[in-house]
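Novice: Below is the structure I would like to discuss, written out as structure tokens.
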Amino acid sequence: MHLSLKCVPPALSFVGKYLLATGKMSYSLELGFCSTHVQCNRQARIILNRDGYRAEAALLERFARQLDFGACWADSGWSCVHHYYDPGRDAGLLGRAPSTVLCRRYFQRALIHWRAGHYRRAMFFLGAAGHLVQDAWEPHHASCRVGAGHSSYERWVQQNRRRYLAGCKGLYWGFGDAADWVKAAACQGRELFGLVGGPPDAGNYHLATNCLLPLAQQSTAGFFLLFLELVGFTGEFGDRLLQIIGAAA
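Written out as structure tokens, the structure reads:
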């Protein structure tokens, strides 16, 4: 199925423009809004640092707020209907463009902004793209199932997220296309739908989350590293570029 990007809502809504202009989201973050995604971003930076990518982790830490703003903005408005991808059907929810399309779009915008020297905007869209990779690990998103305990499970994960932390061993897949990261995550996430698709069960929720949430963090590390490699931020050159970006950002 081929879906045009026209099926996807404009990438920068009023909310997104407001966040980029003001950076005001601290109140919402303190309330726990999108806190699971924020945790994935934070652990991704820790993973990269412990895996030896210290300059890369330092850069991402410098732009942590922009990454988190983008991750939270991704759930604004009606764009959440595009946060589904079923690898079995290679399709999204109810004929909508799947998350593979949206992830690729956000990732490309991040590359364009970075190469233009708009580093904050680049990290904003990288955070939005990372959100979709993280969502793909969630079995409802990976099965295109609305309802079926979706809200109950995500609330449980948010409340218990600190029990499931990965601190090293990122997933450094060789995919150069952002959409392939969503596909790979969804292929694994959908396999555990049976644990979370029924009535709330803390035991089953634990089994699924103990597997999937650390993987979401580890894949986020690899996904962020892919972006930095594509824009040429690596090794000793990365250390020097970090100083330049610090002055320009």
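Number 199 in the UniProt record's numbering belongs to position 199 of the sequence shown; there are no gaps in the numbering. Idealized CB from N, CA, C, for every residue including glycine.
Which runs of the alpha helix (DSSP H) spanning at least 4 residues fall entirely within the region 167 to 247, listed in chain order?
Specialist: Here the runs fully enclosed are 178 to 189, 193 to 196 and 202 to 230.
Novice: Along the chain, where does the alpha helix (DSSP H) that runs through Ser99 open and close?
Specialist: As a working note, residue 99 is residue 99 in the sequence shown. Taken as a continuous stretch (DSSP letters only), the alpha helix (DSSP H) holding Ser99 covers Ser99 to Arg115.
Novice: Have a look at Gln43, Gln66 and Pro199 and flag the residue whose alpha-carbon is nearest the alpha-carbon of Ser151.
Specialist: In the sequence shown, residue 151 corresponds to position 151, counting from 1. Nearest of Gln43, Gln66 and Pro199 to Ser151, Cα basis: Pro199.
Novice: Fully enclosed by the region 41 to 83, which alpha helix (DSSP H) runs are 4 residues long or longer?
Specialist: Counting whole runs of 4 or more residues, the region 41 to 83 contains the alpha helix (DSSP H) stretches 54 to 62 and 64 to 73.
Novice: For Asp135, name the three-state secondary structure that DSSP assigns.
Specialist: For the purposes of this step, residue 135 is identified with residue 135 of the sequence shown, where counting begins at 1. Three-state DSSP puts Asp135 in a helix.
Novice: Beta-carbon within less than 6 Å of Tyr106's beta-carbon, same chain only, minus the 5 sequence neighbours each way: which residues are those?
Specialist: By one-based count along the sequence shown, residue 106 stands at place 106. Hits under 6 Å: Phe125, Ala128 and Ala129.
Novice: Mind reading off the beta-carbon distance from Ala91 to Val38? Whole number of angstroms is fine, and I expect it under 8 Å.
Specialist: Your numbering for residue 91 matches position 91 in the sequence shown. Your numbering for residue 38 matches position 38 in the sequence shown. At roughly 29 Å, the Cβ-Cβ gap does not stay under 8 Å, so Ala91 and Val38 are not in contact.
Novice: Since Val157 is in the alpha helix (DSSP H), which residue starts that stretch and which ends it?
Specialist: As a working mapping, residue 157 is identified with position 157 in the sequence shown. It spans His150 to Asn160 - the alpha helix (DSSP H) in which Val157 sits, taken as one unbroken run.
Novice: Which same chain residues end up closer than 6 Å to His206 when comparing Cβ atoms and leaving out the 5 residues on each side of it in sequence?
Specialist: Translated into positions along the sequence shown, residue 206 becomes position 206. Here the set comprises nothing.
Novice: Does the Cβ of Val133 have 16 or more other Cβ atoms within 10 Å, making it buried, or fewer, making it exposed?
Specialist: Position 133 of the sequence shown, counting from 1, holds the residue named residue 133. That one is buried.
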